[in-house]
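Participant:
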Amino acid sequence: MKQCNTFEDLQALGTEKIHERTHISRDKVELVMTKSYSEIGRVQFMGYISILEREYDIDLSGIKEEYTDFCRNNAEMLVPKQSVILQSPSNSKPKWVLAGMILIIILMAGGYFLQGKMSTEPSEEVMNLTTSAVEVADEIKDTNGTENNETNATATVVSPEANQSSVVPALIPAQPIASSKQLIIHPKYKVWYGMIDLSSGARVQKITGDPIIIDSTKSWLIVLGHGRIEIEFPEGKTLLNDKNTVHFVCEKGALKQITQQEFIERNGGKNW
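The structure is reproduced here in structure tokens:
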């Protein structure tokens, strides 16, 4: 594979090849490669650039500065963007607003009706989707005799300069896993995840194999269907290896793993 040394080399690779290597969605790759700065929020843009720098071992600080200058000089052109982890902007047309409100009322009524019959946790079918790839991978590893028996999740911090095979002693769960204004969760397999904004109560859930970018300037409760993930932050990486559901709280720029019980207590007595 040809070595990429400049941003122009990345543009020459094309959207499809970059998507296949980084797992960033094609439309977002296209926006970055065409420098559509007014269409990308700062948290998203800096997250995608960090992924490109890591995957292609390239310095894109010049592009970051160019983006910052654009935002500073073209503030009136920038439309407020919500992070990928938040809900989509509503349509401004009155008739669609009215239709959306009616739909929300119908969905809420249906939700209250089903609440007594269904658990507040993600359905078993959804959780099976999140763990099936992990279980298949485990079966393959067991057949080849290459995986040790694992009964507990382990978390290790790997600095960018450290050898990937070296292992740092497991972190105490009560201690922050990572601290930064920007955190990126990389699922090893497709995973169901849910996030709750502690300040507004807004919720979002999705099944994805793409990087999950967290704006850690806000406070979140986070739950993932499995813990086979890598958490990236400027100072290094944290690796988790848990086949079971994992829970986190993000406060004051620090991401910390918590128990299900603590998650429920912080979430007003609900699993989700």
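Numbering (our numbering), first residue to last: 35 to 306. Cβ coordinates follow ideal geometry from the N, Cα and C atoms, glycine included.
Can you tell me whether E42 is helix, strand or coil according to DSSP?
Facilitator: Looking at E42 - three-state DSSP - the assignment turns out to be helix.
Participant: If you follow the alpha helix (DSSP H) that Y82 is in, where does it begin and where does it stop?
Facilitator: 76 to 90
Participant: Could you work out which residue in I219, S233, S250 is closest to T242 when comparing CA atoms only?
Facilitator: Looking at the Cα atoms, I219 is the closest of the given residues.
Participant: Measuring only the C-alpha atoms, how far is T40 from F297?
Facilitator: 44 Å
Participant: Pairing CB atoms from the region 245 to 259 with CB atoms from the region 62 to 74, are three or more of them under 8 Å?
Facilitator: no
Participant: Beta-carbon within less than 7 Å of I206's beta-carbon, same chain only, minus the 5 sequence neighbours each way: which residues are those?
Facilitator: Legend: pLDDT at I206 = 41, less than 50; position of this residue unreliable, no value from coordinates given.
Participant: Restricting to Cα atoms, I'd like to know which of L232, E269, K271 is closest to C284.
Facilitator: L232
Participant: Evaluate P221 with the Cβ neighbour count: other Cβ atoms within 10 Å of its Cβ, from every protein chain shown; 16 or more gives buried, anything less gives exposed.
Facilitator: buried
Participant: Rounded to a whole number of angstroms, what is the C-alpha to C-alpha distance between Y90 and T102?
Facilitator: 22 Å
Participant: Let me know if A133 comes out buried or exposed under the rule of 16 or more other beta-carbons within 10 Å of its beta-carbon.
Facilitator: exposed
Participant: My understanding is that E100 touches D93, with C-beta atoms under 8 Å, so please give their C-beta distance in whole angstroms.
Facilitator: Not a contact, Cβ separation roughly 13 Å.
Participant: Between the Cα of P268 and those of C38, T49, I83, spot the shortest distance and give me the residue it belongs to.
Facilitator: If you compare the alpha carbons of C38, T49, I83 with that of P268, the shortest gap goes to I83.
Participant: If you compare alpha carbons, which of P245, G287, K286, I139 is closest to S59?
Facilitator: P245
Participant: Would the beta-carbon of L274 fall within 8 Å of that of L217?
Facilitator: no
Participant: Tell me the DSSP secondary structure of L273 in three-state form.
Facilitator: Three-state result, L273: strand.
Participant: If you check the beta carbons only, do D276 and G261 fall under 8 Å apart?
Facilitator: yes
Participant: For F297, name the three-state secondary structure that DSSP assigns.
Facilitator: helix
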